[in-house]
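What follows is a single structure, written as structure tokens, with notes after it.
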Amino acid sequence: MTKSKLGYKEARTKVDRIRDFYEHAAIYFIANVLLFAFKGKIYGFFEAKEVLTADFQYFLWLNIILTPIIWGVILTVHGWLAFKGKIFSWKNLKPNWLKRWEEVQLQKFMNEDQ
């Protein structure tokens, strides 16, 4: 692969990562606005069904508060990975023996084609 094609492929990957992050951020924003907007309706629904005990109310409160917090942490990590690029790669998590095995297999298949 030529250097220009490799550069284009890396740039395209980075643009795709950033676009995916912005989509994730938009969904996060919309979902959390709706969650907080309908918080009262959610409480009212369960209150009408007479299942709103103190424990269940605490459970609902935790879900309504912790969902944006935990999701926000995940969104922050996603943004960091999207904008920092190669800092994290699944390839870096492979053990060395597996990387060596893959190289041997690639060489074997390339030699068979010749």
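Residue 1 is where the sequence shown starts when you use full-length UniProt numbering, and the numbers rise one by one after that. Note that the Cβ used here is the ideal one computed from N, Cα and C, for glycine as well.
Cα-Cα separation between residue 196 and residue 81, rounded to whole angstroms: With the chain covering 1 to 114 only, the question about residue 196 has no answer from this structure.
Delimiting residues of the alpha helix (DSSP H) encompassing residue 73: 54–84
Backbone CA spacing between residue 93 and residue 99 [nearest angstrom]: About 10 Å.
Alpha-carbon to alpha-carbon, residue 42 and residue 61: 10 Å
Start-to-end residues for the alpha helix (DSSP H) that takes in residue 46: From DSSP, the alpha helix (DSSP H) with residue 46 extends over 39–48.
CA-to-CA distance, residue 39 to residue 50, given in whole angstroms: 17 Å
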